[in-house]
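The block underneath contains the structure these notes are about, expressed in structure tokens.
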Amino acid sequence: SHTAPARPGPPMATYGLAGDRDPQRLPGDRAAAPGPGAQDMVAVHMLRLYEKYSQRGARPGGGNTVRSFRPRLEVVNRRALYLFNLTSLQDTEMILMATFHFYLEPRGPQAHEVPCKQRAKNASCRLLLPGRPARRLLFRSLSPNTATQGLLRGAIALAPPAQGLWQARDISPIVKAARRDGELLLSAELDSGEKDPGVPSPSAHAPYILIYANDLAISEPNSVAVTLQRYDPFPAGDPEPGAAPNSSTDPRVRRATQATGPFHDNELPGLDEEPAPAPHSPHGHKHALWPSPFRTLKPRPGRKDRRRKGPAAFPAAAASQVLHFDEKTMQKARRR
Amino acid sequence: QWDEPRVCSRRYLKVDFADIGWNEWIISPKSFDAYYCAGACEFPMPKVVRPSNHATIQSIVRAVGIVPGIPEPCCVPDKMSPLGVLFLDENRNVVLKVYPNMSVETCACR
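Top to bottom, those sequences are chains A and B.
Read in order, the letters of the first sequence correspond to residues 163 to 498 in my numbering.
Read in order, the letters of the second sequence correspond to residues 11 to 120 in my numbering.
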């Protein structure tokens, strides 16, 4: 657990899980780096993890991925439910650990603590105070079609803090079980045991979930584009919404480079039937090898341009094929 | 980069995510030093290009010329380092991924 941040300055967050035991205040400019919403604890926490695991050889929680999840606040029967949508977890991401981070408000009345503090200033003394209902964190997994109530996945008892504290709890079994059952909508409720606990405002100390995972596909070819490239070469209004990213109704254009003859080309056999890449193209033959996530960054010509280029390119392409044969071969072919 | 050595070596390349249009969802880093490998792997290859045994043999075979069509070995990344990337996923949640082999540390003829 850790002390609540002093607002409006950058929050001082320390987290006791996943080896993040190096509390240090973030400089204000760093905290503002992620842009809007950077002052919230999720962004600050993730930025701290980024700084930590950007060092060489460091692996977040033993894996390669940390996902954060912000909740949506819903009020049901005057109780606050935080709904987490974990569906962005990828199938290839093996969950190593999941942590729930929340801000626990201190409880009154303060007068009850006075005799206790006189005897001993420790947490166990406060825990023994009579008449206080236990607070619990309740986690339920929700099916997409059901209402807010769902299967109870876990309950965590909370000791009341002396002051407002950000706390973290390991909810790995809860998240793993929910994922195993395919129920990646998770609700979290702080059950204070009181009849009318009051509803928190949506922005005040919203909890969040961090999932440490090992993405088994991150070493696969093209993984960086699978997860990071989202450029849509066909913006809204393009008349081919159902087309695959690189598909086109136009005939494929063979763009041969200057032929260097059948030898000394240093090309893999069989690939010479594919269109040659444009100069400085970042993809080259990968267009053919990794088709789905890779999308061209080059601006797409208008339909008129493509129509104009298409037929004109074909004779040139056919002519370029002839260049691949030397004169002797051509003479033999003619004789035959 | 005319001053670069002709032999296979690591060359400087800074990649700005804005240049490839990924800056809208990548929070950090904004850019990184990717480097690249370029240059010749000609016979005889110096030790500095760290040729594999296979590359050495291929280079000799090419130099002797007994087998037609054998190219020079390729100048490629040898040792590479990972890069942590902080980005927003499709649901606007912040994600940290450490991608392997994002930056070239050394080049070699292979």
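Where is the CB? At the ideal position from N, CA and C, for every residue including glycine.
Closer than 9 angstroms to chain A by CB, residue i
i: residue 53 of chain B; result: no
i: residue 105 of chain B; result: yes
i: residue 109 of chain B; result: yes
i: residue 36 of chain B; result: yes
i: residue 95 of chain B; result: yes
i: residue 90 of chain B; result: no
i: residue 43 of chain B; result: no
i: residue 102 of chain B; result: yes
i: residue 99 of chain B; result: yes
i: residue 17 of chain B; result: no
i: residue 39 of chain B; result: yes
i: residue 28 of chain B; result: no
Residues near residue i in its chain [Cβ-Cβ closer than 6 angstroms; skip 5 each side]
i: residue 229 of chain A; result: 373
i: residue 379 of chain A; result: 254 and 385
i: residue 377 of chain A; result: 226, 227, 254 and 255
i: residue 333 of chain A; result: 260 and 262
i: residue 62 of chain B; result: 120
i: residue 68 of chain B; result: 83
i: residue 26 of chain B; result: 41
i: residue 354 of chain A; result: 297
i: residue 331 of chain A; result: 262 and 318
i: residue 223 of chain A; result: 180, 258, 259 and 374
Chain B within 9 angstroms of residue i, Cβ atoms only
i: residue 258 of chain A; result: no
i: residue 496 of chain A; result: no
i: residue 456 of chain A; result: Confidence in residue 456 of chain A is poor, its pLDDT being 41 and thus under 50, which makes the residue's placement too unreliable to answer from.
i: residue 329 of chain A; result: no
i: residue 291 of chain A; result: Summary for residue 291 of chain A: the model assigns pLDDT 48, below 50, so the residue's position carries little reliability, and this model does not support an answer.
i: residue 341 of chain A; result: no
i: residue 220 of chain A; result: yes
i: residue 384 of chain A; result: no
i: residue 334 of chain A; result: no
i: residue 230 of chain A; result: yes
i: residue 254 of chain A; result: no
i: residue 226 of chain A; result: yes
i: residue 261 of chain A; result: no
i: residue 209 of chain A; result: yes
i: residue 244 of chain A; result: no
i: residue 204 of chain A; result: yes
i: residue 303 of chain A; result: no
Same chain, Cβ closer than 7 angstroms to residue i, five either side skipped, listed in chain order
i: residue 58 of chain B; result: none
i: residue 249 of chain A; result: 346
i: residue 420 of chain A; result: Note that residue 420 of chain A scores 40 on pLDDT, short of 50, meaning its location in the model is unreliable; the coordinates nonetheless yield the value given after this. For residue 420 of chain A, where only same-chain residues beyond five positions count, there are no Cβ hits under 7 angstroms.
i: residue 66 of chain B; result: 55
i: residue 314 of chain A; result: 300 and 302
i: residue 245 of chain A; result: 233, 234, 236, 347 and 349
i: residue 88 of chain B; result: 60, 116, 117 and 118
i: residue 478 of chain A; result: Confidence at residue 478 of chain A is low in this model, with a pLDDT of 41, below 50, so its placement is unreliable and the value that follows should be read with caution. Correct list: empty, nothing qualifies.
i: residue 52 of chain B; result: 82
Limits of the unbroken alpha helix (DSSP H) element including residue i
i: residue 389 of chain A; result: 385-390
i: residue 342 of chain A; result: 334-342
i: residue 263 of chain A; result: Counting along the chain, residue 263 of chain A falls outside any alpha helix (DSSP H), though it belongs to the beta strand (DSSP E) covering 255-266.
i: residue 44 of chain B; result: Here residue 44 of chain B belongs to no alpha helix (DSSP H), and DSSP marks it neither H nor E.
i: residue 205 of chain A; result: 203-215
Cutoff 8 angstroms; reference residue i; Cβ partners in own chain excluding five residues on either side
i: residue 257 of chain A; result: 251, 334, 337, 338, 341, 373, 374 and 375
i: residue 93 of chain B; result: 39, 42, 108, 109, 112 and 113
i: residue 90 of chain B; result: 110, 111, 112, 113, 114 and 115
i: residue 305 of chain A; result: 312, 345 and 347
i: residue 369 of chain A; result: 233, 244, 262, 263, 264, 265 and 350
Continuous beta strand (DSSP E) stretch holding residue i: start and end
i: residue 62 of chain B; result: First-last for residue 62 of chain B: undefined, no H or E at that position.
i: residue 242 of chain A; result: 241-247
i: residue 221 of chain A; result: Residue 221 of chain A -> no beta strand (DSSP E), and no H or E assigned at all.
i: residue 251 of chain A; result: That residue, residue 251 of chain A, is in no beta strand (DSSP E); it is neither H nor E in DSSP.
i: residue 55 of chain B; result: Per DSSP, residue 55 of chain B belongs to no beta strand (DSSP E) and is neither H nor E.
i: residue 51 of chain B; result: It is not in any beta strand (DSSP E) - residue 51 of chain B carries neither H nor E in the DSSP assignment.
i: residue 231 of chain A; result: 227-231
i: residue 316 of chain A; result: 313-320
i: residue 298 of chain A; result: 297-304
i: residue 95 of chain B; result: 85-98
i: residue 36 of chain B; result: 36-38
i: residue 370 of chain A; result: 370-377
i: residue 20 of chain B; result: 19-21
Test item: CB-CB of residue i and residue j under 9 angstroms
i: residue 97 of chain B; j: residue 37 of chain B; result: yes
i: residue 299 of chain A; j: residue 321 of chain A; result: no
i: residue 264 of chain A; j: residue 247 of chain A; result: no
i: residue 24 of chain B; j: residue 389 of chain A; result: no
i: residue 44 of chain B; j: residue 18 of chain B; result: no
i: residue 47 of chain B; j: residue 16 of chain B; result: no
* Are there three or more Cβ pairs, one per stretch, closer than 8 angstroms when the segment 76-93 of chain B is compared with the segment 200-210 of chain A? -> no
* Please determine if the segment 339-351 of chain A and the segment 208-224 of chain A are in contact, where contact requires at least 3 C-beta pairs separated by less than 8 angstroms. => no
* Can you find at least 3 beta carbon pairs, one from the segment 96-106 of chain B and one from the segment 69-83 of chain B, that sit closer than 8 angstroms? -> no
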